[in-house]
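Some notes on the structure that comes next.
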Amino acid sequence: MLDMRHGFGRLRSARIGVRAAAAAALAISLLATAGCGSESSATEDQTADLSKLDTGSFPTRPQNPTAADPAKQARILEGLRLGNVLPLASEIDPTLSRRSSGTNVFTGPNSFGDLIRIDHFADDTKGFIAGFATSARTSEDTYVGYTLTNAVMIFESEAAASSAAPALAHSGFWLADNSTTVDSVQSSQHPAAQIIWAPTEQRLASWYPTGRFVVFTMIDQVENLMVNKAFDIASDPAPTALADKAIDITTDRLKHFHPTALDQLAKLPLDPDGLLRLTLPRPAGDQTGDGFTGTLDQHGALHTVGDPARFRALFEKTGVDFFSYGAGILVRTKDAASAQTFLDTAFASRFQHRIEPPAGLSTAHCVKYHGPDEHAAPFSCYVAYGRYVATMVSQQQQDVYQRISAQYAILANNK
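The sequence shown runs -34 to -1, 1 to 381 under mature numbering (1 follows the signal peptide of the UniProt record, and there is no 0).
Here it is as structure tokens:
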């Protein structure tokens, strides 16, 4: 499941389901079960007549991307670079097989949603540049098992990272009951880790400074919380072993990441792989989808899908090398046949009902969502062109039609 459900730069945990806290959201549901696929739609021999497409005010030709806020965009690019090396949650614990909600790259405090207290974030994180997070749970049911959120924050210096870890731990995390007792916990494996634990809420958070990084790990034992409250039994012990494992695996991956020198951040290429110029750009103020502009490689993109193991196999089969994020998502496969295979295999949900494609674009696969997620985008469209597969979501049918038509035109005009 490639999920755009909780975009807008927020990292969230399964506690949202427990607390019934709604998140502004949009969704694309992909490949929920084994053997599930959409109706095959053979690629047309001829390109659609572009003059018959309704593209609204969206651009229809490739264009070199530009950043409205170059300084912030440079930080986002650094965070995306980080995401390409960080471990998936399932690589920390294989039982964490279902992606939890959350956008992965972040540059500010609002990204943390209801995970940590952010009242003093600016003071706690002086020298913060960017971060990347991944989150997964052990079950599709948010009341079963537990959720792990694992993030890395990059700082301007080792001193800044070393100062931020205890400051963030002191500010603490969000609690359902502010009178809840929060204990400090010591890790024998990682004495520098700043760990706090709320037994009655079964929530643990760890901030571990290493070089210019802070590794942030949060564990929500949702099922234990429900059982403990329902049967009035003693709380389970702090899951420090899992936090230690997350630190070990993450710091090992960080050996392969070299932070960009501060005076070189502005020189990071916005479109290093030439994919953004082919991606429908996000309109100013647009709140659709993931809320950032940039690309992730094959590994980085696995952070964004609902079933990483299944999608890893699909990526390898179809030669997916990059995902590009703009007004929607553009996926690059190895060839046209692979793009069609990806389209026919990836996009399927029992809650999505086929609707007519936009006028002039019969190869587009468009659906309307009818399901339990009140925050899911009502309308989604997908289309393949050449080696590319595009996905668009919207609250409005005409808007999603115009987006997918404009994206198709951009690809067709890439001469």
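Just so you know, even glycine gets a beta-carbon here, dropped at the ideal spot from N, CA and C. Remember, it's a predicted structure, so these values are computed and weren't measured experimentally.
> Can you give, in chain order, each stretch of the beta strand (DSSP E) that sits fully within the region 263 to 308 and has at least 3 residues?
Replying inline: Qualifying beta strand (DSSP E) stretches, in chain order: 288 to 291, 295 to 298.
> Got a sec? Which residues, its chain only, sit under 6 Å from GLU10 by beta carbon, not counting five neighbours each side?
Replying inline: Since pLDDT at GLU10 reaches only 44, below the 50 mark, its modelled position is unreliable, and no value is offered.
> CA-CA distance, LEU(-5) and ALA125?
Replying inline: With a pLDDT of 44 at LEU(-5), under the threshold of 50, the modelled position of this residue cannot be trusted; read the value that follows with caution. Going by the C-alpha atoms only, they are around 43 Å apart.
>> With distance defined between alpha-carbon atoms, name the residue in HIS224, ARG47, ALA34, ARG41 nearest to ASP263.
In response: Ranked by how close their Cα comes to the Cα of ASP263, the residues HIS224, ARG47, ALA34, ARG41 have ARG47 in first place.
> What is the rounded straight-line gap between the Cα of ARG219 and the Cα of THR91?
Replying inline: Just so you know, the alpha carbons of ARG219 and THR91 end up roughly 23 Å apart.
> Between which two residues does the alpha helix (DSSP H) harbouring SER360 extend?
Replying inline: No alpha helix (DSSP H) holds SER360; the beta strand (DSSP E) holding it covers 354 to 360.
> Shortest alpha-carbon distance to PHE258 belongs to which of LEU19, GLY45, GLN29?
Replying inline: Out of LEU19, GLY45, GLN29, GLY45 has the C-alpha closest to the C-alpha of PHE258.
> Going by the CB atoms, is the gap between SER290 and GLY266 shorter than 9 Å?
Replying inline: GLY266 is not a Cβ neighbour of SER290, given a cutoff of 9 Å.
> By DSSP, does LEU46 sit in helix, in strand, or in coil?
Replying inline: Helix.
> When DSSP labels each residue in this structure, what does HIS341 get in the three-state scheme?
Replying inline: DSSP places HIS341 in coil when its eight states are reduced to three.
>> On the CB-based measure, 16 or more other CB atoms within 10 Å of its CB, does GLN318 come out buried or exposed?
In response: Burial check for GLN318: the Cβ neighbour count within 10 Å reaches 16 or more, so the residue is buried.
>> Could you compute how far the alpha carbon of PRO132 sits from the alpha carbon of SER56?
In response: For PRO132 and SER56, the distance between alpha carbons rounds to 27 Å.
> What do you reckon, are the CB atoms on GLN364 and ILE321 nearer than 9 Å?
Replying inline: Pairing GLN364 with ILE321 gives a Cβ-Cβ distance that is not under 9 Å.
>> Measuring only the C-alpha atoms, how far is GLY326 from SER63?
In response: Their Cα atoms are separated by approximately 40 Å.
> For HIS224, does the count of other Cβ atoms within 10 angstroms reach 16, so buried, or fall short, so exposed?
Replying inline: With fewer than 16 other Cβ atoms within 10 Å, it is exposed.
>> Assuming residue 453 is part of the beta strand (DSSP E), what are its boundary residues?
In response: There is simply no residue 453 to check, as the chain begins at -34 and stops at 381 in what is shown.
>> Within a Cβ cutoff of 6 Å, which residues of the same chain sit near CYS332, ignoring the five residues on either side of it in sequence?
In response: The residues are ILE321, PRO323, CYS347.
> If you draw a straight line from the C-alpha of PRO338 to the C-alpha of ARG316, how long is it?
Replying inline: Cα to Cα, the separation comes out at about 11 Å.
> Between PHE308 and ASP239, is the Cβ-Cβ spacing less than 9 Å?
Replying inline: Between PHE308 and ASP239, the C-beta spacing is not below 9 Å.
> Going by C-alpha distance, which of LEU241, VAL181, GLY294, PHE313 is nearest GLY97?
Replying inline: Per the Cα distances, VAL181.
> Does the separation of the CB atoms of THR32 and ALA375 fall below 9 Å?
Replying inline: Their beta carbons are not under 9 Å apart, which means THR32 does not touch ALA375 by this criterion.
>> So, at 8 Å on beta carbons, what are the nonlocal neighbours of THR21 in its own chain, with the 5 sequence-adjacent residues on each side left out?
In response: Closer than 8 Å at the Cβ level, and outside the excluded window around THR21, lie GLN368, SER371, ALA372, ALA375.
> If you run the structure through DSSP and keep just helix, strand and coil, what is ALA133?
Replying inline: Collapsing the DSSP output to three states places ALA133 in a helix.
> Mind checking ASP143: buried by the 16 CB within 10 Å criterion, or exposed?
Replying inline: Exposed, by the Cβ-count rule.
> Distance, Cα to Cα, ALA102 vs ALA127?
Replying inline: Distance between the alpha carbons of ALA102 and ALA127: 25 Å.
>> Taking CB distances under 9 Å as the criterion, tell me whether LEU81 reaches chain C.
In response: Any reference to chain C falls outside this structure, which holds one protein chain only.
>> Between which residues of its own chain and ASP89 is the CB-CB distance below 6 Å, once the five residues before and five after are set aside?
In response: Counting only Cβ-Cβ distances below 6 Å, and skipping sequence neighbours, we find nothing.
>> For ASN76 and ALA314, what's the separation of their Cα atoms in angstroms?
In response: ALA314 has its alpha-carbon roughly 32 Å from the corresponding atom of ASN76.
>> Would TYR174 and ILE215 qualify as a contact pair, given that the criterion is a beta-carbon distance under 9 Å?
In response: Going by C-beta atoms, TYR174 is not nearer than 9 Å to ILE215.
> From ILE295 to PRO36, what does the alpha carbon distance come to, in whole angstroms?
Replying inline: Linking ILE295 to PRO36 through their CA atoms gives a straight-line distance of about 21 Å.
>> Rounded to the nearest angstrom, what separates SER6 and ASP80 at their Cα positions?
In response: Its pLDDT being 42, under 50, SER6 is placed unreliably in this model, and the value from its coordinates should be taken loosely. Between SER6 and ASP80, the alpha-carbon positions lie close to 41 Å from each other.
>> Am I right that GLY352 and ALA302 are in contact with their C-beta atoms under 8 Å? What's the rounded C-beta distance?
In response: Going by Cβ atoms, the distance from GLY352 to ALA302 rounds to 5 Å, so yes, they are a contact pair.
>> Under DSSP, the alpha helix (DSSP H) around ALA314 begins and ends at which residues?
In response: Run containing ALA314: none; DSSP gives neither H nor E here.
> PRO157 by DSSP, collapsed to three states: which one?
Replying inline: The answer is coil: DSSP assigns PRO157 none of H, G, I, E or B.
>> Could you give the first and the last residue of the continuous beta strand (DSSP E) run that contains ALA117?
In response: Note, ALA117: beta strand (DSSP E), 113 to 121.
>> Between ILE185 and TYR112, how many whole angstroms is the CB-CB distance? I'm expecting something under 8 Å.
In response: Right, the Cβ-Cβ distance comes to about 6 Å (below 8 Å), so this counts as a contact.
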